[in-house]
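There are 2 protein chains.
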Amino acid sequence: MRNGTGKDGMLAMTNDLDLNEAVELGGSVVSRTVRQLTQFSLQAQDGDYLGSEAELLERMSISRPTLRQAAKVVESDCLLSVRRGVNGGFYATRPSARHVVQSPALWLRLQSATLDQMNRASMLIYPTAGAEAAKCTDPRLIAELTAFRAAIDEREARGESQRETLDAEIAFSQLIANMSGDPVLTLFIGISYTFGLLEREYRFYRRSPQRRQRWLSLQRSYCDAILSGDSDIAMLIGKRRGHQVESWIAEDKAAAQQEGRAAAAKTEDRHDGAT
Amino acid sequence: MRNGTGKDGMLAMTNDLDLNEAVELGGSVVSRTVRQLTQFSLQAQDGDYLGSEAELLERMSISRPTLRQAAKVVESDCLLSVRRGVNGGFYATRPSARHVVQSPALWLRLQSATLDQMNRASMLIYPTAGAEAAKCTDPRLIAELTAFRAAIDEREARGESQRETLDAEIAFSQLIANMSGDPVLTLFIGISYTFGLLEREYRFYRRSPQRRQRWLSLQRSYCDAILSGDSDIAMLIGKRRGHQVESWIAEDKAAAQQEGRAAAAKTEDRHDGAT
Chain A
2 MRNGTGKDGM LAMTNDLDLN EAVELGGSVV SRTVRQLTQF SLQAQDGDYL
52 GSEAELLERM SISRPTLRQA AKVVESDCLL SVRRGVNGGF YATRPSARHV
102 VQSPALWLRL QSATLDQMNR ASMLIYPTAG AEAAKCTDPR LIAELTAFRA
152 AIDEREARGE SQRETLDAEI AFSQLIANMS GDPVLTLFIG ISYTFGLLER
202 EYRFYRRSPQ RRQRWLSLQR SYCDAILSGD SDIAMLIGKR RGHQVESWIA
252 EDKAAAQQEG RAAAAKTEDR HDGAT
Chain B
2 MRNGTGKDGM LAMTNDLDLN EAVELGGSVV SRTVRQLTQF SLQAQDGDYL
52 GSEAELLERM SISRPTLRQA AKVVESDCLL SVRRGVNGGF YATRPSARHV
102 VQSPALWLRL QSATLDQMNR ASMLIYPTAG AEAAKCTDPR LIAELTAFRA
152 AIDEREARGE SQRETLDAEI AFSQLIANMS GDPVLTLFIG ISYTFGLLER
202 EYRFYRRSPQ RRQRWLSLQR SYCDAILSGD SDIAMLIGKR RGHQVESWIA
252 EDKAAAQQEG RAAAAKTEDR HDGAT
């Protein structure tokens with residue numbers, strides 16, 4: 002049961018994501034080899050030697066071009082490194098955290114995903130992450146959040162730079178993600194932040210002193226709910242943060258449209274003047 | 002405001018995802034070059050020539066080793082292809098859908114994410130995707146879903162293979178994702194399905210004729226809600242599907258634990274017999 006989306010369909014619907022292609026690459030020898038090499042890598046540890054080219058060719062009973070084509074795919078998944086020369090051969094590698102969140106975030110940007118869309122999905126995910134974080138018992142992470150909470154007043158008094166606000170926001174999200182102990186939530190949070198940073202739009206909570214104050218106040222209540230282990234309140238504050246961002250995005254959009262109309266009117270005036 | 006997570010911390014908390022590293026790579030010349038090359042690629046179209054090595058070296062005022070190091074990073078993000086020889090130079094490329102969902106799904110597997118965790122996040126995302134899909138007005142996608150709905154009875158009567166059930170499920174999810182018109186939801190759905198397939202655990206809705214019947218019946222109601230444009234019902238059925246999967250996962254887990262205990266008891270019997 003495949004859908005009939007051809008090349009034209011893909012062009013028409015830019016956000017078509019062919020999941021069949023995503024997991025299968027068809028049923029060819031190359032795709033089978035991709036799966037096998039992926040398995041070899043996953044069964045080994047990062048850095049382990051998987052064998053020389055000759056050894057893998059014999060073990061898998063495939064041709065050299067097939068192996069090389071498949072190896073390229075698994076290399077692009079960052080699960081394999083092929084080294085030439087002395088000590089050459091196939092080695093297991095692991096994708097870096099950067100790689101794992103960067104390509105989805107870039108893909109979203111290429112699909113013209115909006116901050117609105119990202120915030121809508123975040124509003125679904127973040128409150129649950131907060132509620133799970135409230136159940137965390139890891140003393141190291143609890144100490145980190147306690148330190149983060151303690152620094153908020155000082156940050157507010159000092160009037161930190163935009164870069165510092167951003168770094169704090171990232172550290173905070175990362176901490177909540179790690180405290181949730183859930184890799185799926187952690188992955189989503191990583192992608193959402195990376196996307197936000199690519200968009201460079203995360204300035205909305207600095208646009209006025211009122212917003213900044215409100216945002217830091219929400220950070221305080223969020224920290225307090227998580228540190229007191231109250232999952233219900235943590236979920237509630239998580240939702241409140243989402244709604245706050247939603248309304249700021251809407252406000253900023255309305256303001257930008259008004260500016261756009263004002264600019265267009267000015268241009269028309271000028272045209273009128275020219276004729 | 003960076004957290005103090007060092008190498009040891011990363012090892013202790015396997016799901017630490019360093020978002021600072023993820024977006025910045027520090028403030029070095031290489032990382033600045035990575036950002037610039039990424040910009041060049043994003044501003045161009047897939048396949049566009051960005052210039053020769055010599056041209057880029059001059060344009061960016063950097064050294065050859067810096068350019069080559071940065072190019073490797075951008076190549077691994079699938080945004081750049083460096084070709085040698087005649088017509089050599091730097092070309093803009095785009096990540097494939099496969100690449101975009103495969104590495105996060107693999108990362109989740111490496112982090113030992115569970116089907117439970119994936120389903121919990123899916124329960125947050127899928128209902129909203131269904132509700133958005135119900136607002137879709139694209140005649141091609143509506144026709145596809147109509148055809149999918151019409152085929153369910155035939156699939157049930159025929160007793161399709163496991164592979165066919167899986168392909169249908171993927172096509173269905175992909176269709177809902179595309180109908181939602183939201184790249185963020187589409188990305189999440191892609192990752193969740195690829196993860197499920199990697200885990201090869203998506204057999205739970207085939208484990209008994211009752212489950213299979215229930216699953217197809219939910220597919221029917223989901224299709225009907227979306228096709229009738231009823232977002233509220235679509236959201237409700239989306240939630241119901243999630244709860245159903247949740248309870249099946251719990252049932253299967255309990256059964257596996259019982260089997261585990263039975264097997265352990267058997268082994269002990271054998272040990273008792275041997276002494």
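Residue numbers (the working numbering), protein chains in the order written: chain A, 2 to 276; chain B, 2 to 276. Beta carbons are placed, not taken as given, at the ideal position from N, Cα and C, and that holds for glycine. It should be emphasised that the depicted structure is a prediction, and the values quoted were computed from it without experimental measurement.
* Cβ of residue 71 of chain A within 8 Å of Cβ of residue 38 of chain A? -> yes
* **Within chain A, partners of residue 100 of chain B - CB distance below 8 Å** => 77, 78, 104
* Determine, using beta carbons only, whether residue 283 of chain B comes closer than 8 Å to chain A. => Nothing about residue 283 of chain B can be read from this structure; chain B reaches only from 2 to 276.
* Asked: Going by Cα to Cα distance, which pick from B:67, B:57, B:54, B:61 is closest to residue 31 of chain B?
  -> B:67
* Under a three-way DSSP split, which group does residue 354 of chain A fall into? -> Absent from the structure is residue 354 of chain A, since the part of chain A shown begins at 2 and ends at 276.
* To do: Taking only the alpha-carbon atoms, compute the straight-line gap between residue 134 of chain A and residue 157 of chain A and give it to the nearest angstrom.
  => 24 Å
* State the DSSP-derived secondary structure class of residue 52 of chain A, mapped to helix, strand or coil. => strand
* Specify the secondary structure class of residue 82 of chain A as computed by DSSP and reduced to three states. => strand
* Asked: Is the beta carbon of residue 31 of chain B within less than 7 Å of some heavy atom of the ligand FAD?
  -> Absence of the ligand FAD from the depicted structure is noted, as is the absence of any ligand whatsoever, leaving it without description.
* **Cross-chain neighbours of residue 255 of chain A in chain B, by beta carbon under 8 Å** => Within 8 Å Cβ-Cβ: nothing; residue 255 of chain A doesn't reach chain B, min ~21 Å.
* To do: Report the residues of the stretch 182-193 of chain B with a CB closer than 9 Å to any CB of chain A, ordered along the chain.
  => 182, 183, 184, 185, 186, 187, 188, 189, 190, 191, 192, 193
* To do: Consider the Cβ of residue 118 of chain A: report whether some Cβ of chain B lies at a distance smaller than 8 Å.
  => yes
* Asked: From residue 45 of chain A to residue 221 of chain B, what does the alpha carbon distance come to, in whole angstroms?
  -> 43 Å
* First and last residue of the uninterrupted beta strand (DSSP E) at residue 93 of chain B -> 90-93
* Thinking C-beta only, is residue 118 of chain B closer than 8 Å to residue 185 of chain A? -> yes
* Give every residue of the same chain whose Cβ lies closer than 8 Å to the Cβ of residue 24 of chain A, excluding the five residues on either side of it in the sequence, and list them in chain order. => With a pLDDT of 41 at residue 24 of chain A, under the threshold of 50, the predicted position of this residue should be treated as unreliable, though the coordinate-derived value follows. Once the five neighbours on either side are set aside, residue 24 of chain A has no close Cβ partner at all.
* Looking at C-beta atoms only, is the number of pairs between the stretch 215-233 of chain B and the stretch 95-115 of chain B that lie closer than 8 Å three or more? -> no
* Taking the alpha carbon of residue 111 of chain A as the point to measure from, which residue in B:249, B:108, B:97, B:226 has its own alpha carbon closest? -> B:97
* Can at least three beta-carbon pairs, one atom from the stretch 140-151 of chain A and one from the stretch 226-239 of chain A, be found at a separation below 8 Å? -> yes
* To do: Kindly list, in the order they appear in chain A, the residues whose Cβ is closer than 9 Å to that of residue 216 of chain B.
  => Simply none; closest approach about 14 Å.
* Just checking, does the stretch 126-142 of chain A make contact with the stretch 179-196 of chain A on the three C-beta pairs under 8 Å criterion? -> yes
* Asked: In chain order, which alpha helix (DSSP H) runs of at least 4 residues are fully inside the stretch 96-177 of chain A?
  -> 98-111, 116-134, 140-159
* Reference residue 280 of chain B, options B:90, B:80, B:78, B:60, closest by Cα -> Nothing can be reported for residue 280 of chain B: it is not among the residues displayed for chain B, which extend from 2 to 276.
* Asked: What residue from B:161, B:60, B:174 has the CA that sits closest to residue 187 of chain B's CA?
  -> B:174
* To do: For residue 114 of chain B, decide whether its Cβ has a neighbour in chain A, counting only Cβ atoms nearer than 8 Å.
  => yes
* Would residue 34 of chain A count as contacting chain B if we go by Cβ distances under 8 Å? -> no
* **Through-space distance from residue 231 of chain B to residue 194 of chain B, alpha-carbon basis** => 25 Å
* Asked: Does DSSP classify residue 191 of chain B as helix, strand or coil?
  -> helix
* Asked: Whose C-beta lies closer than 6 Å to the C-beta of residue 190 of chain A among residues of the same chain, with five residues either side of it excluded?
  -> 174, 178
* Asked: Can you tell me whether residue 78 of chain B is buried or exposed, with buried defined as 16 or more other CB within 10 angstroms of its CB?
  -> buried
* Name, please, each residue of chain A whose Cβ falls closer than 7 Å to the Cβ of residue 126 of chain B. => 122, 125
* Asked: Using a beta-carbon distance below 8 Å, is residue 242 of chain A in contact with chain B?
  -> no
* To do: Run the CB neighbour count on residue 172 of chain B, radius 10 Å, all protein chains shown included, and call it buried at 16 or more, exposed below.
  => buried
* **C-beta neighbour in chain A for residue 111 of chain B, strict 8 Å** => yes
* Keeping to the same chain, check which residues put their C-beta closer than 7 Å to that of residue 250 of chain B; ignore five residues upstream and five downstream. => 116, 117, 120, 205
* Using a cut-off of 8 Å between C-beta atoms, extract the partners of residue 129 of chain B located in chain A. => 121, 122, 125
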